[in-house]
Amino acid sequence: MKTDSRVDAVLNQLLPPLERKLLHWLPQWAVEAGIEFLVFGIKQAWACLFGGFMLIAILITHWVWPEASPLTRYDFLLLYALSLQGIFLVTGLERPQEAIVICLFHAVGTTMEIFKVHMGSWFYPEDSLFQIGNVPLFSGFMYACVGSYFARVSRVFDFSFTHYPPRLWTMVLAVLIYVNFFTHHFGPDIRWVLFLATALLFGRTQVHYRVWRWQHHMPLLLGFFLVSLFIWGAENISTLSQIWLYPDQQSGWKIVSFQKMGSWFLLMLISWGLVTLVHPPKIYKPSRQKEIVSG
């Protein structure tokens with residue numbers, strides 16, 4: 004197999020001689036696709052850095068947190084999240100304007116948490132000093148993880164878009180979604196209208212992104228669904244570690260209903276709308292680089 008100098012350079016850095024020889028039996032496109040996939044995974048992990056560190060801390064404190072500790076688990080997670088945010092800012096992993104939007108989403112999320120816990124939608128089983136209405140203040144950082152991911156992934160993959168709707172409409176949609184999270188407890192739940200509005204707004208939108216050598220594109224709605232699926236998985240890990248619980252998990256853990264995917268999908272749109280205030284969606288400009296259809 005004949006490869007260009009850039010592929011050879013990557014292979015020389017990543018693989019020992021024997022594996023490099025074996026790869027020479029493969030066609031060039033297969034090797035390049037494999038490297039492309041590897042780089043995609045690395046970039047996604049980099050974009051998930053804040054959320055990944057938070058999830059690791061949630062799991063570790065569930066396994067090893069001493070019961071006699073003068074500091075509660077929830078309060079430790081708050082201090083940990085604040086320290087993590089500070090490190091991200093000092094090291095340049097996060098930009099100040101991104102941190103402002105993430106803090107805003109923290110406030111938006113905490114407000115909704117207070118209301119939802121009061122309504123009995125879920126609860127926090129442990130005590131904490133830093134709390135409002137039985138909601139530990141670290142909980143807002145779980146929403147901030149989503150905002151951090153969107154802010155970072157749009158930079159890491161250099162997002163651009165075709166047929167992106169006016170931002171004013173997307174912000175109106177975000178506001179309606181947020182309001183419905185409160186009002187559906189007292190009146191009709193209009194989430195299906197919101198799903199339809201999302202489909203109408205973003206149905207034609209394509210997100211274009213670069214991984215390593217190739218430019219890819221996929222429907223933005225598919226991207227939203229995949230992110231929602233990932234968040235739903237993280238939610239199952241979090242409830243397994245008893246960071247919060249739903250009423251039907253009080254007598255024993257069970258998998259979170261897949262219906263929650265719809266709620267996470269809508270909540271994610273709020274986060275995406277806030278992030279676009281910092282990173283306005285760029286219009287895609289075709290280049291001579293090969294483009295791969297990813298979805």
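Position in the sequence shown (first residue = 1) + 3 = the numbering used here.
From the three backbone atoms N, C-alpha and C, an ideal C-beta is built for every residue, glycine too.
- Across the structure, W247 and W125 are spaced so that their CA atoms are roughly 7 Å apart.
- Distances from the CA of P139 to each of R194, L81, I105 and M122 were compared; the closest alpha carbon is that of L81.
- Annotation: the region 201 to 278 contains the following complete segments of the beta strand (DSSP E) (minimum length 3 residues), in chain order: 209 to 213 and 218 to 222.
- The beta carbons of I103 and A177 sit about 17 Å from each other, so the pair does not count as a contact at 8 Å.
- The beta carbon of I61 sits closer than 8 Å to the beta carbons of L80, I240, S241, S244 and I246 from its chain, once the five residues preceding and following it are set aside; these are given in chain order.
- S86: member of the alpha helix (DSSP H) spanning R76 to V93, first to last residue.
- Fewer than three beta-carbon pairs drawn from the region 104 to 117 and the region 164 to 176 are found closer than 8 Å, and the two stretches are therefore not classed as touching.
- Annotated three-state conformation of F164 is strand, per DSSP.
- Taking the Cα positions, S131 is about 47 Å away from Q218.
- Contact between F164 and K285 holds: CB atoms are separated by about 7 Å, below the 8 Å threshold.
- One alpha carbon belongs to R158, the other to M271, and they sit about 18 Å apart.
- Distance from L87 to F53 at the Cβ level is roughly 7 Å; contact confirmed, criterion being Cβ atoms closer than 8 Å.
- A direct Cα-Cα distance of roughly 15 Å separates Y152 from L92.
- For the 8 Å CB-CB criterion, A202 and L224 form a contact.
- Residue burial is scored here from C-beta neighbours: V210 has at least 16 other C-beta atoms within 10 angstroms and is therefore classed as buried.
- Closest by C-alpha distance to Y83, out of P69, L58, F227 and I135, is L58.
- Here G265 has R194 as same chain residues with Cβ atoms under 7 Å from its own Cβ, once five neighbours each way along the sequence are excluded.
- If you check the CB distance, I234 and W267 come in under 8 Å.
- Beyond the five residues adjoining it in sequence on each side, P250 comes within less than 7 Å, by CB distance, of G123 in the same chain, given in chain order.
- DSSP, reduced to helix, strand and coil, places P99 within a helical segment of the structure shown.
- Closest by C-alpha distance to F56, out of L74, I90, L41 and P73, is I90.
- Here F40 is not bridged, per DSSP, to any residue.
- Taking C-beta separations shorter than 6 Å and ignoring five residues to either side along the sequence, the partners of K46 in its chain run V159, following chain order.
- Looking at the DSSP output, F126 bridges to L248.
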